[in-house]
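For the sequence shown, my numbering gives the first residue as 776, with consecutive numbering after it.
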Amino acid sequence: MYILMQTKCGKAHEMEKFHEAKSKGRVAFQEEQYVTAAHWFEEALDISLKDPAILSNLSACFARLGFGIDALEYATKCISERPEWPKAYYRLGVALNIQKLDPRNKGLKDAYMNAIEARLNSIKVEEDKVEEDNTE
């Protein structure tokens with residue numbers, strides 16, 4: 776029983792640390808302190824390795840700092856974790872744009888088309904949810 780309680784307390788403490796780091800990262804990002812924000816988001820990522828929001832936020836930090844390769848790495852990981860999320864494809868497009876890749880590049884075109892398709896799908900889901908809520 777004691778070991779079980781320690782495990783639960785340990786997980787609760789980890790989640791508390793995760794949310795604290797995520798919150799500090801958001802504040803730093805809003806204050807345009809992108810290096811500090813990236814530090815806090817990386818702290819959060821150490822706790823929750825595959826959190827899509829954290830991966831997206833890290834991509835945004837590195838994009839704002841002009842580090843296209845790092846922004847691309849985190850955007851790609853974000854897409855792997857949440858492939859239906861339009862924001863992940865937006866982050867990918869930003870990262871590719873920072874690197875000034877040739878717009879004729881098929882990968883870039885595919886990323887933008889996927890972002891558009893994902894956004895259209897998310898709009899459809901939102902519309903269906905509103906319609907469903909209205910019929911209840």
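No residue lacks a Cβ here, since even glycine has one placed at the ideal position from N, Cα and C.
- Setting aside the 5 residues that flank it on each side, Cys836 is surrounded in the same chain by Tyr809, Ala812, Ala813, each with a C-beta closer than 6 Å to its C-beta; the list follows chain order.
- Residue burial annotation: Ser831 is buried, with at least 16 other C-beta atoms found within 10 angstroms of its C-beta.
- The residue among Asp821, Trp815, Ala838 with its C-alpha nearest the C-alpha of Arg801 is Trp815.
- Under the criterion of beta carbons closer than 8 Å, Gly868 and Ala890 qualify as touching, at roughly 6 Å.
- Distance from the CA atom of Asn896 to the CA atom of Asp903, rounded to whole angstroms, is 10 Å.
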